[in-house]
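Written out below as C-alpha cells is the structure these notes cover.
In the numbering used here, the protein residues as written are 1 to 201.
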C-alpha cells in the first residue's frame, strides 16, 4: 500500500506546527518580560552578598538541597493540631517563610535553564493548540480570547495558591499572573493564525 497522508494526519501536523510556533512565541514573550520589562523582577528582592543569611543556611542545611518552610516545630502541622498551634505561636513572635535551598556548587548554566524553559512552553503551547481545535469557538478573536482564559486559569492555579497559603507578595503574584496570561494570549494568537479559522455563519 503506497504511503499517503490522510486529512487527520494533516490536521495533527498543523496542530503540532502551531504548538511549536506558539511555544516559541510564548518563550520570546517570557524572555522579554524578564529581561526588558520589570515584570520578571517585580516583588523579588535579593539578599545582600555580604549578608550572613547564606552562611547560616549553609551551616544549617549543608548539602540537603530542597524546599524548606520555617519555623519548624518538630511535627507535621497539616496533621497535628498541637504542631499547628505551636507553629502559629512561633509565627506570631518571629519570622516565617519558604526557602528553595541549593547546596554550594549549584550552577546549571543559563543555556540549560533557557532550554528547559523553551521545552516547557512548547509543551504548554502544544496542549493549548489541541484544546483550541476542540473548543466550540471560531474566529481569530474567539480562539485568542479562549487562549487568554486558559492563561488566567494557569496563572492563578499556582500563583494564587502560593499567595494564599505561603504569603507570596501581592505584586510578585500579580506580575506572575500577567506574564502567564499574556504568554497564553500571544501563543493563542499565533496558533489561531497557523491553524486558520472559520467565520461564524
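Glycine included, each C-beta is placed from N, C-alpha and C at the ideal position.
Here the alpha carbons of residue 56 and residue 69 stand approximately 15 Å from one another. DSSP places residue 189 in no beta strand (DSSP E) but in the uninterrupted alpha helix (DSSP H) bounded by 170-195. Taking C-beta atoms as the reference points, residue 154 and residue 21 fail to come closer than 8 Å. With respect to the 8 Å criterion, residue 26 and residue 183 are classified as neighbours on the basis of their beta carbons. Separation of residue 12 and residue 116 (C-alpha to C-alpha, rounded to the nearest whole angstrom) is 24 Å. According to DSSP, residue pairing for residue 100 in a beta bridge involves 67. Residue 187 places its beta carbon less than 8 Å from that of residue 147. In this structure, DSSP gives residue 160 a helical state, which the three-state scheme calls helix.
Between the alpha carbons of residue 47 and residue 66 lies a distance of about 19 Å.
The C-beta of residue 88 has fewer than 16 other C-beta atoms within 10 Å across all chains shown, which makes the residue exposed.
For the pair residue 185 and residue 133, the CB atoms are not nearer than the 8 Å cut-off. When secondary structure is reduced to three states using DSSP, residue 140 falls in the helix class. One thing to note: residue 71 has its Cβ no nearer than 8 Å to the Cβ of residue 92. Inter-residue distance for residue 180 and residue 196 is about 24 Å (C-alpha atoms, whole angstroms). In the displayed model, residue 14 falls within a helix according to three-state DSSP.
Within 10 angstroms of the beta-carbon of residue 177 lie 16 or more other beta-carbons, which makes it buried. DSSP, read as helix, strand or coil, puts residue 34 in helix.
Between residue 149 and residue 62, the alpha-carbon positions lie close to 43 Å from each other.
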